[in-house]
Amino acid sequence: MAQKFDSPKTESELRLIQDTMFNISAASYEYRRSPSFKGLLEIISSDSVILTAIHNIKSNKGSQTPGSDKETMKEDILQRDFNLVLGRVKEAFSNYRPRPLRRVSINKPGKTEKRQLGIPSVIDRIIQECVRLVLDPILEPQFFQHSYGFRPMRDAHMALARVTDVVHKTGHHWIIEGDISKFFERVNHSILLRKLWGMGIHDRRVLMIIKTMLQAGVIGETGTNDLGAPQGGIISPLLANVYLNSFDQWVTREWENKKTQKVYRNRKKTVALRESSNLKPAYLIRYADDWVLITNSKRNAEKWKYRICKFLKGNLKLELSEEKTKITNIKRKTIRFLGFEYKVTKGRSRTGYITRTKPDRDRIATKVKEIHRDIKHLRAASSMEFLIHDINLVNNKIRGLINYYQAATWINISLSIFKERLKYASYKSLLKFGGKWTRANQVNNLISIHESYTEHIAAIEYKGLKVGVTSIGFSKWNKAMLKKPSETPYTPEGRQIYSNRTAKKPLKARADDTLSEHLSMLIATGINGRLYTFEYYLNRAYAFNRDKGKCRICRKEVHRYDLHFHHINKMLPSDLVNKVGNLATMHMKCHSMIHSKLDYSEFGTKIWKSILSFREKLN
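Counted from 1, the sequence shown has number 215 at position 228 by my numbering; the numbering is strictly sequential.
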């Protein structure tokens, strides 16, 4: 029976719908039935989904990248009138015609060739994110357990952990390093749409919107695109997983999930039967279009390579790259997977071999070269304030590199090669600002990292604080953990597992229901202008959550009929004035006391101090 839902009026209702969709889809998949979801467009185009989509996009690093129409998220969405923005998005849904993509070329890590991205317009990005928000919980439970790329609460480290787990448990050392030639450029639209239908997307209007997205042309190149899914689109990674899901399921049906004539309660019997048969072992681990397959012999690896090549060509109209698809015995040579070099060497373990992983030498050299360039640019800082800001950016890049490669067993050895070069470059750049060699545990930045090291790093002193450029050598191996299948954003249990693993608190839903009357009042009274932009209407909900629904003056609960939001410093530039940090939840009366010049000390010391504190920040 087809599932239909009422349109969500709040973000809380949206999350409940997502959870319900996930559970229905998961139950259908478990019983080997295809789910059926209709009436999706009404959900996708609802106000709460549009607001959530815009919030998600504005938080992304590339949100300010302009599309072909040169519009940006900040200037053309966040700083515009609330109703105008909602109206534009809804109108786009009613007769969807995406703008042409803007072509951008970026470097591939560790390679000379370029990756071609197609950047959609801002409105098209919002449309894509709205579609993704509703389709993801339907598709997610149907995906292959060991597909890790572009899926929520999954990462490259989990894929690496899975490779290690299979190699150690099975003792298999023959690996196919798979490379699908020009995958994103060769996605067949008809095949993709059929797969979406087969996975339960039964709203033809949504399928037509997706088809139109895929057909968007590229400025200066083509008017329409009959083949491929543009890299750079928000929804492309999800669609890529849909496209390759049949490949995943086919491989696993042939070995890991192979059916037996008799159903056994004890899985060990099933495994024993499988391993005593003539079947060819195959353990697939995929991350987007990068994948490896682990098997027990060179002969079986060659057979699997032939079969996969035939399946991809016959079922998905894709081709393996003969040059880049390799068969490797990891006892003798390394494989390269997700930026890591992976090998096994003799050591103490059940199989007699232990894992040795390193950062990919070409990728790491490219990244270090970028960091070295940024360190040299520190000497061009026009003031100490700008210098400290630039040091923080450099440190973020260094720590980001370390955090990604901390899953490599040889991370410290691999990164220490570059340590002295970067340290000396840092010292030379900071010398003109009074930079000195300082023990890492004596600087005042990155304290949680630096407190464990007495090694000297280059640092400056400003207003009594020592700020240093961190060392790429401050790195330690951190064992990658296997993915828990029950960890998902669409169940309470899954969210709790994620929260425990990452030590991150679950995000609260926007208080849309409480704030809807406040919004109606503001719109009815015609309040608009520089302070009351789309970003204001969006961020006041997150400010309300941060303040736990209590007034920042009297600390008492604020009700919807008495709700105001105070701009702490209304003289800030338009791109900063409506940030969550500049908004404060208040009672109407408490808010008026800030803008009054009267003495309110009669209300008590705490309230009076709060009023005075907010008054000081008005100018």
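Note that beta-carbon positions come from the ideal geometry of N, C-alpha and C, so glycine has one too. No experiment lies behind these values; they were computed from the predicted model shown.
Worksheet entry | Opposing strand residues paired with TYR449 [DSSP bridges] | LEU452
Worksheet item: On the three-state DSSP scale, how would you describe HIS160?
Response: coil
Worksheet entry | Coil, strand or helix - MET468 by DSSP | coil
Practice prompt. Note down, in chain order, each residue of its chain lying with its Cβ closer than 8 Å to the Cβ of ASN569, except the 5 sequence neighbours on either side.
Written response: HIS554, ILE555, ASN556, LEU559, LEU563
Worksheet entry | CB of LEU417 within 7 Å of CB of ILE447, strictly | yes
Worksheet item: Which stretch, first to last residue, makes up the alpha helix (DSSP H) that contains SER416?
Response: 406 to 417
Worksheet entry | Own chain residues within Cβ distance below 6 Å of LYS604, not counting five before or after | ILE555, ASN556
Practice prompt. Report the partner residues of ALA571 according to the DSSP bridge assignment.
Written response: HIS553
Fill in: Exposure label - ASN232; buried when at least 16 CB within 10 Å
buried
Practice prompt. Can you say whether TRP278 is buried or exposed, counting buried as having 16 or more other CB atoms within 10 angstroms of its CB?
Written response: buried
Discussion item. Let me check you understand the geometry: is the CB of GLY591 closer than 6 Å to at least one non-hydrogen atom of the ligand NAD?
Written reply: This structure does not include the ligand NAD; it has no bound ligands of any sort.
Worksheet item: Using CA coordinates, which residue listed in VAL121, PHE131, ASN212 is at the minimum distance from VAL229?
Response: PHE131
Discussion item. In whole angstroms, give me the CA-to-CA distance for ARG323 and PRO346.
Written reply: 9 Å
Worksheet item: The alpha helix (DSSP H) spanning LEU349 covers which residue range?
Response: Inspection of the sequence shows that residue 349 is occupied by Asp rather than by Leu. Counting along the chain, the alpha helix (DSSP H) containing ASP349 begins and ends at 348 to 363.
Discussion item. On the criterion of 16 or more Cβ atoms from any shown chain inside 10 Å, does GLU607 qualify as buried, or is it exposed?
Written reply: This structure leaves residue 607 out entirely; the chain is present only between -12 and 606.
Worksheet item: From MET145, LEU307, GLY536, pick the residue whose C-alpha is nearest to that of LYS466; which is it?
Response: MET145
Worksheet item: Does the region 436 to 452 touch the region 469 to 482, meaning 3 or more C-beta pairs lie closer than 8 Å?
Response: no
Worksheet item: If THR321 and GLU310 are in contact, beta carbons under 8 Å, what's the gap, nearest whole angstrom?
Response: Actually they do not touch by this definition, with Cβ atoms about 18 Å apart.
Fill in: Where the alpha helix (DSSP H) through ASP586 begins and ends
No alpha helix (DSSP H) contains ASP586, which DSSP labels as neither H nor E.
Worksheet item: In terms of alpha-carbon separation, which member of GLU100, LYS61, PHE24, ASN302 lies closest to SER561?
Response: LYS61
Worksheet item: Is DSSP giving ALA203 helix, strand or coil here?
Response: strand
Worksheet item: Helix, strand or coil for THR332 per DSSP?
Response: strand
Fill in: Same chain, Cβ closer than 6 Å to VAL91, five either side skipped, listed in chain order
LEU104, ILE106
Worksheet item: Which residues does DSSP pair with ASP277 in a beta bridge?
Response: ASP166, TYR274
Item to complete: Give, in chain order, every unbroken run of the alpha helix (DSSP H) that is at least 4 residues long and sits entirely within the region 7 to 71.
Response: 27 to 31, 34 to 45
Worksheet item: Using DSSP with H/G/I as helix, E/B as strand and the rest coil, what is GLU0?
Response: helix
Worksheet item: Out of ARG517, LEU518, HIS578, which has the shortest C-alpha to C-alpha gap to VAL545?
Response: HIS578
Discussion item. Within 10 Å of its beta-carbon, does THR(-3) have 16 or more other beta-carbons around it, so buried, or fewer, so exposed?
Written reply: buried
Practice prompt. Give me the Cβ distance between GLU164 and THR396, rounded to the nearest whole Å; I'm assuming they're in contact under 8 Å.
Written response: Not really, about 19 Å apart at Cβ, beyond 8 Å.
Worksheet entry | Contact between the region 206 to 220 and the region 332 to 347 (3+ Cβ pairs under 8 Å) | no
Worksheet item: Alpha carbon to alpha carbon, how far is ASN283 from LEU402?
Response: 33 Å
Practice prompt. Tell me whether the beta-carbon of TRP464 lies closer than 7 Å to the beta-carbon of ILE398.
Written response: yes
Worksheet entry | Nearest-angstrom Cα separation, counted from GLY387 out to LYS267 | 40 Å
Fill in: Proximal residues to SER462 (C-beta, below 7 Å), its chain only, five neighbours per side dropped
ILE389, GLN393, ILE398, ASN399, LEU402
Practice prompt. Starting from the Cα of PRO128, find the closest Cα among MET580, ASP56, VAL205, SER12 and give me that residue.
Written response: SER12
Practice prompt. Write down the C-beta distance between ARG86 and ASP56 rounded to the nearest angstrom, noting that I regard them as a contact closer than 8 Å.
Written response: 6 Å
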